[in-house]
Amino acid sequence: MWIIRTYIVTFRKFDDFGGRANRAEFRNFSIVSFVIQLCFPVIGALSPVGYLFENVFSLVPLVPAVSLVVRRLHDTGTNGWLVLPGLVPFLNFLILYLLFFYYSDPYDNGYGLPPDRQVKESVSARKQV
245 MWIIRTYIVT FRKFDDFGGR ANRAEFRNFS IVSFVIQLCF PVIGALSPVG YLFENVFSLV
305 PLVPAVSLVV RRLHDTGTNG WLVLPGLVPF LNFLILYLLF FYYSDPYDNG YGLPPDRQVK
365 ESVSARKQV
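Numbering (my numbering), first residue to last: 245 to 373.
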């Protein structure tokens, strides 16, 4: 169930184009989106309304996905504007995917703390209160 929780958290961060996202968050969002996209053709074959849901769902995660990609690029220490060439078909596609799976910058960079350290620091701050 933690993979679904990560998916929901990514949707809640749809307007957060700052900060960082680790590989696990990117991977979990991609996997759940892919599985949901596989289910909709089956539902569409059973019901005429299923095709409507399939079309709507292809648009709904667009903004959270772009936000996640920008935060993932920030985590590798690169600029989030690199997402723009990736929107043009076949341009910069391979470079972007290599950056998505590139190791996170383990130290503070211009985009904030690593996601793992953010969680640890927020938990320690709660314990002190």
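Cβ atoms here follow ideal geometry from the backbone N, Cα and C, with glycine treated the same way. Nothing here was measured: the structure is a model prediction, and the numbers come from that model.
What residues match up with residue i in a beta bridge as DSSP calls it?
i	result
residue 356	353
When we look at the beta-carbon of residue i and count the other beta-carbons within 10 Å, is it buried (16 or more) or exposed?
i	result
residue 317	buried
residue 312	buried
residue 350	exposed
residue 270	buried
residue 319	buried
residue 329	exposed
residue 292	exposed
residue 273	buried
residue 341	exposed
residue 355	buried
For residue i, does the three-state DSSP call read helix, strand or coil?
i	result
residue 344	helix
residue 291	coil
residue 264	coil
residue 272	helix
residue 332	coil
residue 258	coil
residue 299	helix
Find the nearest neighbour of residue i within the set the options, judged by alpha-carbon distance.
i	options	result
residue 277	293, 248, 295	248
residue 358	264, 327, 298	264
residue 304	283, 253, 266, 258	258
residue 314	343, 347, 281	343
Thinking residue i and residue j are a contact (beta carbons under 8 Å), I'd like their distance in whole angstroms, please.
i	j	result
residue 308	residue 255	5 Å
residue 353	residue 321	5 Å
For residue i, decide whether its Cβ has a neighbour in chain C, counting only Cβ atoms nearer than 8 Å.
i	result
residue 353	In the structure shown, chain C cannot be found, because there is only a single protein chain.
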